[in-house]
Every structure is written in C-alpha cells, then in structure tokens.
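Novice: In the working numbering, the protein residues as written are 188 to 683. The beta-carbon is built from N, C-alpha and C at its ideal position, and this holds for glycine as well. If you scroll down you'll find the structure; I have some questions about it.
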Amino acid sequence: MTTEEQNFVLKARREKHDALIARGIAPYAYRFVRTHTSASAVAALGQADEGEVVRVAGRIVAWRGQGKTSFAHLADDAGRIQLYFRKDDLGEELSETLKLFDIGDVIGISGALFRTKTGEATVRVASAEMLAKSLRPLPFGKEETVDGVIVRHSGFSDPEQRYRQRAVDLAVHPDVRASFVARSKMISALRAFLDAKGFLEVETPVLQPLYGGAAARPFTTHHNALDMPLFLRIADELYLKRLIVGGFDAVYEIGHDFRNEGVDRTHNPEFTMLEWYQAYADYTDMMLLVEQLLVAAANAVRAHPAYAASVPALATPFPRIEWVSALNTVLGGDALAMSDAELQSAAERAGVAKPDTLSRPKLLDELFQAHVERALHEPTFVVDYPLELSPLAKPKRGAPGLTERFELFAGGRELANAFSELNDPIDQRRRFEAQAKLRAAGDEEAPGVDEDYLRAMEHGMPPMGGVGVGIDRLFMYLSGISHIRDVILFPTMRPE
RNA sequence: GCGCCCAUAGCUCAAUUGGCAGAGCAAAUGACUCUUAAUCAUUAGGUUGUAGGUUCGAUUCCUACUGGGCGCACCA
C-alpha cells in the first residue's frame, strides 16, 4: 500500500465516518453515563429470563447480522456482553445508522436485559450511540468456546507488532490486559505492605551527576543549560541512604533503573526496582521482611483468577545457604584461598568466557553464578558474600573477609539483594578506592569514589538494613511469565 | 557484539524443482427477525521488507541492508 489513505479498508471506514456526520451524528462523543459494566449487567440478570434496563459502553468485538436482526458482542474492561438489535424495536432511522457501525467502534447502549433461547445474557438494544468511530480496523480474532475454554482463531500474534503496538495488543487480548492487572495488584500489595510497616515512600533523582549503588554500565545524557553530563540512575541506593542520614527511619522507592546492557528475555534497558532501607536493623531483619513481602506479593498475584494456579507455594522460612561453603562444595576446595590462576582454570571449565580478562571478584562471582545460582529453583537465601564483591555492605561480624549480605534466588534468578549497610565512612572510602582501582584496570562496571555520598556518611549514618527487589522479575517468577517483555507494557524496541 | 532462523493482502497463513501470487477472517454488495468462529452468493483487496545480482523467467537462488524471533555473550 502506497499511502494508508488509499487502503480500501480504511477508505470504507472513513466513508462511514463521513456518512455519520451527514446524518447529524457526531462520530466522537464527549461522555456516556453507564449504569453497568458488561460483568455487572450479566450479574444483574442472574438466573432470570428478563431483567432491568441497563446502559453499557464498550468496543464492538463481534457482529452477526441476520437480516432485520443482528447480534453483537460488546467488550469493556470487565468482560463482554451480547447485544441484540431488532429492527422492529429500533425503528427505521436507527436501523439505517446501525449499518455505519463497524467492529472496533466504541459505542454506548441502552436496553433491557434478557436471556436468549441459547441461554446467553443479552441486552435488547433500545438505543445505541456512537462514542468513537474506529477508522483503523483492530485485528480481532474470532472466538469460540470449546468445553468452557475460549479458543481464538486468527488473532494478532506477530510478536514484533504486538510489542510495537501495545494498544492494539491490549485491545484484542483480554489475557494480556489481565497480566498487567495482576502486576499492578502485586505492586499495590508491596506498597501496602511497606506502608503498614511504617516505611515512607520517597522519590530520588533519576538524573544523577555520578552513578552508583550497583555494578553496571549507565546511560549518559547531557544537561544543556548547566552544560554538564548526567547519568540515568543504575540504582536508588546511595540517595535513599542519604535520607536515613537525614533522619528518616524507614524509606522506600519504586522506580525505574536504567542499565546500558544487552536485551534478552530477562533484561530490558529500563526496569522497575523496589529498594527500601530501615534504620537500626540489620540483614537478618531484612530477611524476615523479604519473606513476608514475597508472601504478600504472591497472595496478590494469586488473587487474580488468571494466575491463581501458576503462583508457586511459598513456604517460609526460606532455606539459607552460605556463599562460601556452597562454592567450596562445588569447587572441591577453599575458593577464597585459591590463586587467580586456579580460579581462572575453574572458570574455564565452567564455561565462563574469557576468564583471563576478569578481576578476581568477578571470577568468584562468575563461578558462583555458573555452579550455584542456576540450580536454585525454590526461593533460597544465599548469605555472607565475600567483601570484595560487596563494596556497600558491612563486614560480617566474626568473619571480616565476608559481608553481611544476602541475595534471594528463585527459579534460577536473583529476586532480591540486601545488606547490613556499610555505615563506616572510613571503611567506605577504602572500598570505593578499591573499586576505583578495578575501574582503572579496565572493569567498566566498577564505580568510582562518590565524595558527596561519603560526606553524608561522615555526618553519622545510623546502622541500617537495605533491600533491592527487581519488580519485573518478581512478577515473572510469581506469574510464570517467562519473557520480561510480557510484563513491561512498552518494552524497549528499535525504531521501526 | 556473535550465530541460526523469519519477513507474502488490514490480520492469520499457503504457494511443488525457478514457471500466470492463493485461502480463511476482516471489508463492500445482496439474502436472512434468537445468532454466537452465524450461514449463503457475488465483488474488491498485492511494487511478496529494501536495494542489487543470477536467469528467457525470481515469493522461490545469491549478496548487502533494515526490522524481528531464538540461542550465546554482558547484566539484574
């Protein structure tokens, strides 16, 4: 098609649009007062054969004309309901107008409920209003119900088009809408949980002059008026901990982090992160909170009928395994005492790419990922990470080479990361400097020294526990959805 | 970033060894006053992703490009 205006389908729609105007009917309305949704109308009829007059609105998703009568289905957020148009009820003029209605149009209906002889709750249409004329057809598939299961035919299934045109995807796929409803309910439950525990929801900068709080490559941008580079945050951590210095006892933030790295089924360049920090608590307190929070999230997702069956049963407390002993077991020796060369050859055997280019902490991390993480299917806390992997965590009491840190794994993926937060500014400076050295040696993900953060800490940072939870992945785990693009409304795509 | 695969009508898909580009749905016209993947008849709808090449002839074979999917790498 050369230009879309010449397409015969669009042309026919446009002609009907013009014909509506010619009949004095506005193709785009301002408002329609509904008395019922599709679902509440069906409920209002109950088991009766005749019911009250209802006003419903939605999109025409199916049309079965039959001479002087027509049946249609009207879909709204709550579901769908059948409409029955009868020429004798509507009169000549409205019957003529009806010919200008198409599948995809948004209309408002008034009429009495009744039950057809096949048993379906239906509105006997007395009046119909055009609310929004659809000029571009939606790719509705046909549906049939076989043994109570809805079977779709010839739907809209090209994954590229579905992600690029999410409005269309959502409009024709109630199950896609359902997944985002469940996600939203889960996030509401997380907020309710933390609010009830006395946490204050806050917002910290997305645009940061210095990035930190995680090991990742950032997106960079530029502020014109200030003529300065800015980074999109890779984590909220350092700003939230400044707030604890400022006197807030417990804060949390739900927002987007941005990491300039590959895209695959579990990575989108922007993703949703929950972080919280609680003064006077340590990582053991955080473990209990994470368990409770996960149970609350799982209950919220399970409450959605579409996901009731897919949510894993969570038995608390989750098992705890120690990072070092788990790695020692799989490597058959004392991992921390091994030489760099020994670690490199172990990494080589584990299939780690280019182990000779990795720093020692990276090597350890890779070995742990390869041998231990992938095998953790049930929710499991991995505790007490090596200090060199955890530059923002407090040393473990009685084991100075380790930190008080845990990560929660489930389904082979990391769901949460938490520490007893490092609040000693002298130690923190040393850790930053060690990171800066790695950075100078070529580790692009190692952050530098954040003087502003150190200054805040030097004023006295209360001891605290902190947690980060990847929201997209948590929802993927709970819902059983395997691709991150299916839990993000508008995933990052190349321009078409 | 690397490898493999995919791109045909608005949507979902066909097209034999390289030989006139098709079907279903959606659309238009007509028939049908309880249908429901409604049905029936007729009609229209295409620069086969883009640019080149091989060939008498390319949707089909080759090259490059664009976009996508899957896997690997990086990462959470």
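Compute the Euclidean distance between the alpha carbons of Tyr215 and Lys286, then round it to the nearest angstrom.
Specialist: Taking the straight line from one Cα to the other gives about 17 angstroms.
Novice: Going by CA-CA distance only, name the one from Ala513, Leu325, Ile374 that's closest to Asp659.
Specialist: Checking every option, the nearest Cα to that of Asp659 belongs to Ile374.
Novice: Distance, Cα to Cα, Glu192 vs Arg681?
Specialist: Model confidence at Glu192 stands at a pLDDT of 43, short of 50, so the residue's coordinates are unreliable; what they give is reported in the following sentence. So the two alpha carbons sit approximately 26 angstroms from each other.
Novice: Would you please state the rounded distance, in angstroms, between the beta carbons of Thr567 and Phe505? I believe it to be under 8 angstroms.
Specialist: Confirmed, about 6 angstroms.
Novice: If you measure between the beta carbons of Ile441 and Glu478, is that distance less than 9 angstroms?
Specialist: No, they are not a contact pair.
Novice: Name the residue from Asp637, Phe445, Leu261 whose alpha carbon lies nearest to the alpha carbon of Trp250.
Specialist: The shortest C-alpha separation from Trp250 is found at Leu261.
Novice: Please go through the stretch 204-251 and give each complete alpha helix (DSSP H) segment of 4 or more residues, from N-terminal end onward.
Specialist: Correct list: 225-232.
Novice: Shortest alpha-carbon distance to Asn604 belongs to which of Leu277, Tyr470, Asn486, Gln531?
Specialist: For the residues Leu277, Tyr470, Asn486, Gln531, the minimum Cα distance to Asn604 belongs to Tyr470.
Novice: In terms of residues, what are the limits of the alpha helix (DSSP H) holding Arg547?
Specialist: Run containing Arg547: 547-558, per the alpha helix (DSSP H) assignment.
Novice: Could you work out which residue in Met473, Leu481, Arg246 is closest to Glu565 when comparing CA atoms only?
Specialist: Comparing Cα-Cα distances from Glu565 to each of Met473, Leu481, Arg246, the minimum goes to Leu481.
Novice: Taking Asp630 and Lys549 to be in contact with their CB atoms under 8 angstroms, please state how far apart those CB atoms are, rounded to whole angstroms.
Specialist: Asp630 to Lys549, Cβ: 7 angstroms. Contact.
Novice: Can you tell which of Pro678, Phe677, Thr679, Asp673 has its C-alpha closest to the C-alpha of Ala369?
Specialist: Per the Cα distances, Asp673.
Novice: From which residue to which residue does the alpha helix (DSSP H) around Thr477 run?
Specialist: Note on identity: in this sequence residue 477 is Val, with Thr being the wrong assignment. 470-489 is the span of the alpha helix (DSSP H), which, as asked, contains Val477.
Novice: For Glu620, which residues from the same chain have a beta carbon less than 7 angstroms from its beta carbon, with the 5 sequence-adjacent residues on both sides left out?
Specialist: Answer for Glu620: Val636, listed in chain order.
Novice: Mind checking whether Leu277 and Ala315 have CB atoms under 9 angstroms apart?
Specialist: Yes; because the gap between Cβ atoms is below 9 angstroms, this pair is in contact.
Novice: With a floor of 3 residues, list each beta strand (DSSP E) that falls wholly inside the stretch 403-442, ordered by position along the chain.
Specialist: Taking only runs of at least 3 residues, the beta strand (DSSP E) segments lying wholly in the stretch 403-442 are 407-410, 415-419.
Novice: Report buried or exposed for Thr190, applying the criterion of at least 16 other Cβ atoms within 10 angstroms of its Cβ.
Specialist: Below a pLDDT of 50, predicted positions are generally treated as unreliable, and Thr190, at 40, falls in that range; the measurement from the model is reported next regardless. Exposed is the call here.
Novice: Skipping 5 residues on each side, what residues in its chain have a beta carbon closer than 7 angstroms to that of Gln615?
Specialist: These residues qualify, in order along the chain: Leu609, Leu641, Met644.
Novice: To the nearest angstrom, report how far apart Met317 and Leu377 are at their CA atoms.
Specialist: Their Cα atoms are separated by approximately 40 angstroms.
Novice: Given a cut-off of 9 angstroms on the beta-carbon distance, is the pair Gly266 and Ala226 in contact?
Specialist: Cβ atoms of Gly266 and Ala226: closer than 9 angstroms.
Novice: Are Lys663 and Tyr464 close, meaning C-beta to C-beta below 9 angstroms?
Specialist: In the sequence under discussion, the amino acid at residue 663 is Met, which differs from the Lys named in the question. Result no, Cβ atoms of Met663 and Tyr464 do not sit closer than 9 angstroms.
Novice: Alpha carbon to alpha carbon, how far is Gly238 from Leu270? Give it in angstroms, no decimals.
Specialist: Straight-line Cα distance between these residues: approximately 14 angstroms.
Novice: Relative to the C-alpha of Asp472, which candidate in Arg351, Gln352, Pro649, Phe606 has its C-alpha closest?
Specialist: That would be Phe606, whose Cα lies nearest to the Cα of Asp472.
Novice: Are there any heavy atoms of the ligand FAD lying less than 8 angstroms away from the beta-carbon of Val432, as far as the coordinates show?
Specialist: You won't find the ligand FAD in this model; it holds no ligand whatsoever.
Novice: Enumerate in chain order the residues of its own chain whose CB-to-CB distance from Pro573 is below 8 angstroms, with the five nearest sequence positions on each side excluded.
Specialist: Hits under 8 angstroms: Trp510, Val511, Leu523, Pro548, Leu551, Gly588, Leu589, Thr590.
Novice: Taking the alpha-carbon of Ala235 as reference, which of Ala299, Lys255, Gly295 has the nearest alpha-carbon?
Specialist: Nearest of Ala299, Lys255, Gly295 to Ala235, Cα basis: Ala299.
Novice: If the criterion is Cβ atoms closer than 9 angstroms, does the pair Leu430 and Val654 meet it?
Specialist: No, the pair does not count as a contact, with Cβ atoms beyond the cut-off.
Novice: By Cβ distance, which residues of its chain are closer than 7 angstroms to Arg210, with the 5 residues on each side in sequence left out?
Specialist: Answer for Arg210: Thr284, listed in chain order.
Novice: Could you give the residue range of the alpha helix (DSSP H) that holds Ile268?
Specialist: Careful: Ile268 lies outside any alpha helix (DSSP H), inside the beta strand (DSSP E) at 266-273.
Novice: Since Glu575 and Arg404 are thought to touch, with beta carbons under 8 angstroms apart, how far apart are those beta carbons, to the nearest angstrom?
Specialist: That belief does not hold up - the Cβ atoms of Glu575 and Arg404 are roughly 20 angstroms apart, past 8 angstroms.
Novice: Less than 8 angstroms between the CB atoms is what I'm expecting for Ile337 and Asp292, so what's the real figure, rounded?
Specialist: Actually they are not in contact, since the Cβ atoms of Ile337 and Asp292 sit about 22 angstroms apart, beyond 8 angstroms.
Novice: Work out the CA separation of Phe272 and Leu263 for me, nearest whole Å.
Specialist: According to the sequence provided, residue 263 is Asp. The question's Leu does not apply to it. So the alpha carbons of these two residues sit roughly 19 angstroms apart.
Novice: Going by beta carbon distance, what residues of the same chain come within less than 7 angstroms of Leu661, once the five residues before and after it are set aside?
Specialist: Hits under 7 angstroms: Ala484, Leu602.
Novice: Would you say Asp289 and Arg201 are within 9 angstroms of each other, going by their C-beta atoms?
Specialist: For Asp289 and Arg201, no; Cβs fall outside 9 angstroms.
Novice: Just tell me which of Leu579, Gly519, Phe301 has its CA closest to the CA of Ala228.
Specialist: Nearest of Leu579, Gly519, Phe301 to Ala228, Cα basis: Phe301.
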